[in-house]
Amino acid sequence: MATNKVFTSKDSDIAWIERSFDKKDYSQSEKMFPIEIARTARAFHRQIPGYKTSPLVSLTNLSQMLGVDSIWVKDEAQRLELNSFKVMGGSFAMFRLIQQKLGMKDDEITYDYLLSKECKKKLGDMTFASATDGNHGRGLAWATNKLGFKCMIYVHSATSQPRIDAIAKFGATVKVIKGNYDDAVRQCNEDAKKNGWQVVSDTSWPGYTEIPTWIMQGYNTILLEAQEQFASQGITKPTHVFVQAGVGALAASVIGFYSALFKENSPKFVVVEPSNAACLYETALANDDKCHTVTGDLDTIMAGLACGEPSPIAWEILKRQADVFVKVPDYVAARGMRILATPLHDDPLVISGESGAVTLGCLYAMLSNASDKNAQKHIDELKDHLGIDNKSQILFINTERNTDPIRFRQIIWDGMDPVPERFWTER
Ligand SMILES: Cc1ncc(COP(=O)(O)O)c(C=O)c1O
Numbered sequence: 009m010a011t012n013k014v015f016t017s018k019d020s021d022i023a024w025i026e027r028s029f030d031k032k033d034y035s036q037s038e039k040m041f042p043i044e045i046a047r048t049a050r051a052f053h054r055q056i057p058g059y060k061t062s063p064l065v066s067l068t069n070l071s072q073m074l075g076v077d078s079i080w081v082k083d084e085a086q087r088l089e090l091n092s093f094k095v096m097g098g099s100f101a102m103f104r105l106i107q108q109k110l111g112m113k114d115d116e117i118t119y120d121y122l123l124s125k126e127c128k129k130k131l132g133d134m135t136f137a138s139a140t141d142g143n144h145g146r147g148l149a150w151a152t153n154k155l156g157f158k159c160m161i162y163v164h165s166a167t168s169q170p171r172i173d174a175i176a177k178f179g180a181t182v183k184v185i186k187g188n189y190d191d192a193v194r195q196c197n198e199d200a201k202k203n204g205w206q207v208v209s210d211t212s213w214p215g216y217t218e219i220p221t222w223i224m225q226g227y228n229t230i231l232l233e234a235q236e237q238f239a240s241q242g243i244t245k246p247t248h249v250f251v252q253a254g255v256g257a258l259a260a261s262v263i264g265f266y267s268a269l270f271k272e273n274s275p276k277f278v279v280v281e282p283s284n285a286a287c288l289y290e291t292a293l294a295n296d297d298k299c300h301t302v303t304g305d306l307d308t309i310m311a312g313l314a315c316g317e318p319s320p321i322a323w324e325i326l327k328r329q330a331d332v333f334v335k336v337p338d339y340v341a342a343r344g345m346r347i348l349a350t351p352l353h354d355d356p357l358v359i360s361g362e363s364g365a366v367t368l369g370c371l372y373a374m375l376s377n378a379s380d381k382n383a384q385k386h387i388d389e390l391k392d393h394l395g396i397d398n399k400s401q402i403l404f405i406n407t408e409r410n411t412d413p414i415r416f417r418q419i420i421w422d423g424m425d426p427v428p429e430r431f432w433t434e435r
């Protein structure tokens, strides 16, 4: 078990937990994320028409301004034209599920076979179902639509209309549930049991782990690509990886992948959550080997991260490997979006939604030299703990494009969620 040091301050609304380990245990990462499975996922994704390696862009001018060696953004904004990384998980889980049902081996089943009449005939009529914050539902609706199956997607009442429309566009039935994301998960499961639907959920719970594992393994394609892209730049691996979390499946996939590959030479891992939905932070804080829930309306602009219950299988990775859990207020994400949307000099433009940009916003808070010196001193301690300096090569994942275009404009154009004046930059 890790030992925690908790950092809160009356001068700052960013809090974090530093975790130290006598010795990290890599066995779970090696079991869940062996490189062979990442290669299988990649080989499957490659067969999907329209598949392209997503860009890994370098924000050179920003890194110079902030005094680090390099800032890399793996940009999932246009993944398979679905505006988010999520489809990589749902599609691979569908592949595995169908493969299992038909008893086929990896090299016997192709994407074309999944589309074939023979495959459809063998499987019969099936309905796939899941709850979503938006992006997983869109990915699953897209995959089921391609394969000719029915799809039921459950969203909670605060889900914005553009996110609902983007799911319905692929022929899925969208059910709006009172409550939050976790209520939508429960309702979806109950209805699926009654109706004989196949649940393809990105979060896990006791007794339901196989499909969410496949989903996390599917995300590994993103990291395999990134490692190839780093290699082409002569970089073995980043020194630090910042990853945003809702239920923690993406974070576990990223951190598990690097941990299985590099073990004690792994990058430092920072998990970032919204202050109002920081279930992994709370779970780390309790440090009692149980998952802890955050309840209420989980009010945050980071819709993809508005989850109150960790995925237990993701926690199995994070508890062993994550170095820091940070929780940040919404303006941190909004500032991250604005930084990416107004690049310095010839840095590339990155269109990033609220959940996509929070990690860069978090780094910026650490390095921005805020006018409130006490607040800056507080966050400086995190920078020092992580050893962020002019040699650091830092990886971020832009997990979504402007998946809610109206909200995106409200933030970028209208200045919604402004940075409080005392955190304005003096640089
Ligand atoms: C854009 C975006 N980023 C990050 C995440 C976090 O993923 P996870 O719930 O696996 O932690 C989500 C989840 O829906 C998302 O939509």
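To get our numbering, take the position in the sequence shown, counting from 1, and add 8.
Every residue, glycine too, gets a C-beta built ideally from N, C-alpha and C.
Boundaries (first-last residue) of the beta strand (DSSP E) holding residue i
i: residue 64; result: 64-66
i: residue 437; result: Since the first residue of the chain shown is 9 and the last is 435, residue 437 is not available in this structure.
i: residue 135; result: 135-139
i: residue 291; result: It is not in any beta strand (DSSP E) - residue 291 instead sits in the alpha helix (DSSP H) that spans 287-294.
i: residue 17; result: 11-17
i: residue 396; result: Run containing residue 396: none; DSSP gives neither H nor E here.
i: residue 403; result: 401-406
i: residue 181; result: 181-185
beta-carbon residue i near ligand 1 non-hydrogen atom, thresh 7 Å
i: residue 144; result: yes
i: residue 326; result: no
i: residue 169; result: no
i: residue 408; result: yes
i: residue 141; result: yes
i: residue 361; result: yes
i: residue 196; result: no
i: residue 368; result: no
i: residue 257; result: yes
i: residue 225; result: no
i: residue 313; result: yes
i: residue 92; result: yes
i: residue 338; result: no
i: residue 85; result: no
Reference residue i; option with closest CA among the options
i: residue 336; options: 13, 17, 12; result: 17
i: residue 203; options: 404, 154, 227, 134; result: 134
i: residue 28; options: 376, 375, 276, 310; result: 276
i: residue 226; options: 197, 148, 167, 248; result: 148
i: residue 167; options: 187, 245, 178; result: 187
i: residue 391; options: 402, 383, 379, 374; result: 374
i: residue 330; options: 34, 223, 23; result: 34
i: residue 189; options: 218, 150, 143; result: 143
i: residue 140; options: 175, 122, 82; result: 175
i: residue 424; options: 360, 347, 83, 343; result: 343
i: residue 341; options: 100, 332, 308; result: 308
i: residue 214; options: 323, 284, 123; result: 323
i: residue 293; options: 264, 326, 274, 266; result: 326
i: residue 255; options: 67, 238, 310; result: 310
Distance, residue j Cα to residue i Cα
i: residue 14; j: residue 72; result: 30 Å
i: residue 352; j: residue 69; result: 6 Å
i: residue 137; j: residue 399; result: 46 Å
i: residue 297; j: residue 435; result: 42 Å
i: residue 221; j: residue 40; result: 7 Å
i: residue 60; j: residue 95; result: 13 Å
i: residue 23; j: residue 259; result: 19 Å
i: residue 78; j: residue 355; result: 12 Å
i: residue 210; j: residue 63; result: 24 Å
i: residue 49; j: residue 385; result: 43 Å
i: residue 26; j: residue 118; result: 44 Å
i: residue 185; j: residue 313; result: 18 Å
i: residue 171; j: residue 418; result: 16 Å
i: residue 195; j: residue 263; result: 30 Å
i: residue 274; j: residue 357; result: 29 Å
Close beta carbons around residue i, own chain, < 8 Å, minus the five adjacent residues each side
i: residue 181; result: 158, 159, 160, 161
i: residue 432; result: 378, 379
i: residue 270; result: 245
Range covered by the alpha helix (DSSP H) that runs through residue i
i: residue 40; result: 35-40
i: residue 123; result: 119-123
i: residue 150; result: 143-155
i: residue 198; result: 189-203
i: residue 228; result: 218-240
i: residue 77; result: From DSSP, residue 77 is part of no alpha helix (DSSP H); its letter is neither H nor E.
i: residue 159; result: Element bounds for residue 159: not the alpha helix (DSSP H) but the beta strand (DSSP E), 158-164.
i: residue 282; result: Residue 282 -> not in any alpha helix (DSSP H); beta strand (DSSP E) instead, spanning 276-282.
i: residue 265; result: 257-270
i: residue 366; result: 362-375
Sequence-distant residues of its chain with Cβ nearer than 6 Å to residue i (five each side left out)
i: residue 364; result: 406, 407, 408
i: residue 114; result: 48
Contacts around residue i, its chain only, beta-carbon distance under 7 Å, and the 5 residues preceding and following it disregarded
i: residue 287; result: 300, 301, 302, 315, 316, 317, 318
i: residue 91; result: 85, 408, 409, 411
i: residue 130; result: 110
i: residue 387; result: 20, 22, 373, 374
Minimum Cβ-Cβ distance from residue i to chain B less than 8 Å
i: residue 180; result: You won't find chain B in this structure, because it holds only one protein chain.
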